[in-house]
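A short worksheet on the structure shown next.
Number of protein chains: 2
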Amino acid sequence: MIAAYFQNLLPFTATELKDILAHFEKEHIKKNQILIREGHVSNKLYFVEKGIGRSYYLKKDGKEVTQWFFGAGNFMASADSFFQQTPSFYYLEVIEDSIVYTITKENLELLITKYRKMETAIRLLTIEILSKFVHKLNAIQFQTARERYDYMLTEFPDISYRAPLGQIASYLGMTQETLSRLRRSELS
Amino acid sequence: MIAAYFQNLLPFTATELKDILAHFEKEHIKKNQILIREGHVSNKLYFVEKGIGRSYYLKKDGKEVTQWFFGAGNFMASADSFFQQTPSFYYLEVIEDSIVYTITKENLELLITKYRKMETAIRLLTIEILSKFVHKLNAIQFQTARERYDYMLTEFPDISYRAPLGQIASYLGMTQETLSRLRRSELS
DNA sequence: CCAATCCTTTGACCTAAATCAAAAAGTGAA
DNA sequence: TTCACTTTTTGATTTAGGTCAAAGGATTGG
């Protein structure tokens, strides 16, 4: 799955791919395990093979706000912390028992130095992440609660029914009560 | 100014910088001139030397929604359109008489092929843009109108007083009436 | 299998900000 | 300088969605 992801970004040879994948480690992670905490510098990039990850932060009043969901087949990271090596603004956790592939910053740098194509791949990856964020920003701004939920359903159809309602609500910038009422009216 | 920007991303030599800058063209652009229209594939990356640019899109009801402001000293683009060569979702225009440096996609690719460092620089640039977007998303989501305006004042102190109120309001996801009232209460 | 905890739903009420409307202030071209 | 047009302000009213409170449901570990 991760091999396909790279192939889709750029045509790597089988040998290159094999070497690249050798720098990743497979990990089984239990539900609710936290991968990165706020204030820490993230040293790992994750690829979700199975399960769901999410990033969130705490508001001053202690409430969690989901910033992003990472479904199977996607890279997951506290992007600015990992790539810029700055303290993370977010927590990263998995919300289901998951299987991920991880690579350390050092190993990624090694690969980038070794393969020019790898640098290009990472560049394309960050652009892809960027355009997803932009898409969310547009979907959230100026839209009604109902339209924001529709965006969720099209962008994350599976996660919409597997993540707890409160986490989805905060991702969409609404209260869980509002989302609950929306869902009820959905089935009419 | 553009040279300083690159130097700040990565240490280029004077010769490299000179060659890189030779691939840019200086342009004077009149207020309200549109640089890219919705649906077109953007072929140029801009660096704002003087003036202000902004990106916006039209809602179904025809109202403009400002997506981003680009102050002097920043790169400006319809990022996903330029980097992924897809139809732009946005319009790009300048809201003051401006001076910009432009580079075509082809010339940028040339530079990237020629200088490994250039690819790294562009990678760092996209990460920087990404983290600014993430920052806005957090500032907008779950914040009151007043807090969103405070974000505007810290993120774009100069633009806050040079862009028309309606453009700022839509950037922040509120109506112009609300922003006008906020400003009034500001000066107390 | 049951208690304890967590998650979701429902109801009543309230408030921030939207909408609608119109006046006032600014800007620019002839 | 004036007229037409755009932008901003102000006021009155409405409403989507938030807050508060409590009751149902669903999980989980002992």
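Quick note, the sequences are listed as chains A and B, same order.
Number 31 in full-length UniProt numbering belongs to position 31 of the first sequence; there are no gaps in the numbering.
Number 94 in full-length UniProt numbering belongs to position 94 of the second sequence; there are no gaps in the numbering.
For each residue, glycine too, the CB sits at the ideal point set by N, CA and C.
The structure displayed is predicted, hence computed values, not measured ones.
query: Straight-line gap, residue 140 (chain A) to residue 14 (chain B) (C-alpha atoms, nearest Å); result: 44 angstroms
query: Neighbour list for residue 130 (chain B) in chain A, Cβ cutoff strictly below 8 angstroms; result: 79, 80, 126, 129, 130 and 133
query: Three-state class that DSSP yields for residue 31 (chain B) in the structure shown; result: coil
query: Residues of its chain near residue 67 (chain B), where Cβ-Cβ distance is below 7 angstroms and the 5 sequence neighbours each way are ignored; result: 55, 56, 57 and 90
query: For residue 105 (chain A) and residue 82 (chain A), believed in contact at Cβ under 8 angstroms, the rounded distance; result: 7 angstroms
query: Proximal chain A residues relative to residue 136 (chain B), where beta-carbon distance stays under 9 angstroms; result: 137
query: Exposure of residue 22 (chain A), with buried meaning 16 or more beta-carbon neighbours within 10 Å; result: exposed
query: DSSP bridge partner residues for residue 91 (chain B) (one or two, in chain order); result: B:56
query: Alpha carbon of residue 39 (chain B) to alpha carbon of residue 88 (chain B), nearest angstrom; result: 5 angstroms
query: Residue environment, residue 118 (chain B), which counts as buried when at least 16 other CB atoms sit within 10 Å; result: buried
query: Which residues DSSP lists as bridging residue 66 (chain A), in chain order; result: A:56
query: Buried or exposed by the 16-neighbour rule on C-beta atoms within 10 Å, applied to residue 25 (chain A); result: exposed
query: contact_flag[the region 146-158 of chain A, the region 171-184 of chain A] where n(CB pairs < 8 angstroms) is 3 or more; result: yes
query: Near the ligand GDP: residue 61 (chain B) beta-carbon under 8 angstroms from a heavy atom; result: Absence of the ligand GDP from the depicted structure is noted, as is the absence of any ligand whatsoever, leaving it without description.
query: Interface flag, residue 173 (chain B) vs chain A, CB-CB below 9 angstroms; result: yes
query: Buried/exposed call for residue 109 (chain B), threshold 16 Cβ in 10 Å; result: exposed
query: Option in B:60, B:184, B:92 and B:136 with minimal Cα separation from residue 37 (chain B); result: B:92
query: Exposure of residue 168 (chain B), with buried meaning 16 or more beta-carbon neighbours within 10 Å; result: buried
query: Chain B within 9 angstroms of residue 57 (chain A), Cβ atoms only; result: yes
query: Neighbourhood of residue 126 (chain B) by C-beta distance below 8 angstroms, restricted to the same chain and skipping five residues each side; result: 79 and 83
query: Of the residues B:16, B:18, B:99 and B:142, the one placed nearest residue 61 (chain A), counting alpha carbons only; result: B:142
query: Counted within 10 angstroms of its Cβ, other Cβ atoms place residue 177 (chain B) as buried (16 or more) or exposed; result: exposed
query: Pick from A:33, A:102 and A:59 that is closest to residue 43 (chain A), judged by C-alpha positions; result: A:102
query: Three-way DSSP call (helix, strand, coil) for residue 42 (chain A) in this model; result: coil
query: Inter-residue spacing [alpha-carbon to alpha-carbon] between residue 49 (chain A) and residue 135 (chain B); result: 28 angstroms
query: Near-chain B residues of the region 148-165 of chain A (beta-carbon distance less than 9 angstroms), N- to C-terminal order; result: none
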